[in-house]
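Presented below is the structure to which this report refers.
In the numbering used here, the protein residues as written are 567 to 842.
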């Protein structure tokens, strides 16, 4: 078990942070799997717990104990809310959409190397010998909209399972962003931008490669036709090596959306005696 991963830390906490311990060994399933280095404002997970006395665990009790454990261990993880659900609901397959955002920064002076300290490891500092054409990037987002085969935007499948590379983007926008801290004078030396992308699901590396392709186009490494070719002739072999894959630290999982009626129908009301 990887203690430093979100899943590993959750599973260890569920086994040690509160009593009585579940009769079932806690195995956490996350709604969205992300690369190492990717951030998350909000993610969802599910785990099956069985109280030894046949009761339902009190969600406020578990939330408090888990957050106390994470704080003491120095983990940057916080449980926002917990709800008991039936087996009909699955946090991964029941999701209506997932929204990611990607932060990048463009130096106003090409020779400027030092990012604001708050942005280090949280935004991609984009460098180009020529100016970055943000308007061209915005225009190129249209190429990705609708149902597309993103095989070219994912590495070779080295698993034994079939992967559906056809995904439909619901949103892909490029907008100005604010610095993470306004008090650092170095923030004035950069223009900050945010790419927001929403879909029901994504293939591995898809968002980071899409961002890399857009930045590659904006910096003049490729043109729109190159992106169109990768989409129209989908294959991991057709990834354009002139493009740099966007680093993971600029990527954030923003939200996971569910059908509220389905979620309400699958929620278990806590009518039994709770554990305080």
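We put the CB at the ideal spot given by N, CA and C, even for glycine.
Kindly indicate which three-state DSSP category residue 802 falls into: helix, strand or coil? The residue given as residue 802 occupies position 236 in the chain shown. Three-state result, residue 802: helix.
Short check: CB of residue 671 to CB of residue 784, under 8 Å? Numbered from its first residue, the chain shown carries residue 671 at position 105. Numbered from its first residue, the chain shown carries residue 784 at position 218. Taking C-beta atoms as the reference points, residue 671 and residue 784 fail to come closer than 8 Å.
If we ignore side chains and look at the alpha-carbon of each, how far apart do residue 834 and residue 603 end up? Within the chain shown, numbered from 1, the residue matching residue 834 stands at position 268. Within the chain shown, numbered from 1, the residue matching residue 603 stands at position 37. The alpha-carbon separation between residue 834 and residue 603 amounts to approximately 35 Å.
Roughly how many angstroms separate the alpha carbons of residue 636 and residue 575, rounded to a whole number? If you number the chain shown from 1, residue 636 lands on position 70. If you number the chain shown from 1, residue 575 lands on position 9. Approximately 8 Å between the Cα atoms of the pair.
In three-state terms, what does DSSP make of residue 757? Along the chain shown, one-based indexing puts residue 757 at 191. Of the three classes helix, strand and coil, the one that applies to residue 757 here is strand, per DSSP.
DSSP state of residue 669 mapped onto helix, strand, coil: Numbered from 1 along the chain shown, position 103 holds the residue referred to as residue 669. Three-state result, residue 669: strand.
Nonlocal neighbours in the same chain, by C-beta distance under 7 Å from residue 618, ignoring five residues either side: As a position in the chain shown, residue 618 is number 52, starting the count at 1. Closer than 7 Å at Cβ, skipping near neighbours: 586 and 589.
Close Cβ partners of residue 759 (< 8 Å) along its chain, the five nearest in sequence each way excluded: Counting from one through the chain shown, the residue named residue 759 turns up at place 193. Contacts found: 669, 670, 671, 672, 700, 740, 741, 742 and 743.
Cα-Cα separation between residue 838 and residue 572, rounded to whole angstroms: Here residue 838 corresponds to residue number 272 of the chain shown, with the count starting at 1. Here residue 572 corresponds to residue number 6 of the chain shown, with the count starting at 1. Residue placement at residue 838 is flagged as unreliable, the pLDDT there being 46, under the threshold of 50; a coordinate-derived value is accordingly withheld.
Cut-off 6 Å between Cβ atoms - residues of its own chain near residue 658, not counting five sequence neighbours on either side: Position 92 of the chain shown, counted from the start, is the residue given in the question as residue 658. Same-chain partners within the cutoff: 597.
Going by C-alpha distance, which of 581, 582, 685 and 579 is nearest residue 754? Numbered from its first residue, the chain shown carries residue 754 at position 188. Out of 581, 582, 685 and 579, 685 has the C-alpha closest to the C-alpha of residue 754.
I need the boundaries of the beta strand (DSSP E) containing residue 582, first residue and last residue. What you label residue 582 is simply residue 16 of the chain shown in a count that begins at 1. Taken as a continuous stretch (DSSP letters only), residue 582 belongs to no beta strand (DSSP E), being part of the alpha helix (DSSP H) at 572-582.
Residues near residue 719 in its chain [Cβ-Cβ closer than 8 Å; skip 5 each side]: The count along the chain shown starts at 1 and reaches residue 719 at position 153. So the list reads 769, 771, 772, 775, 776, 779, 796 and 805, once near-sequence residues are dropped.
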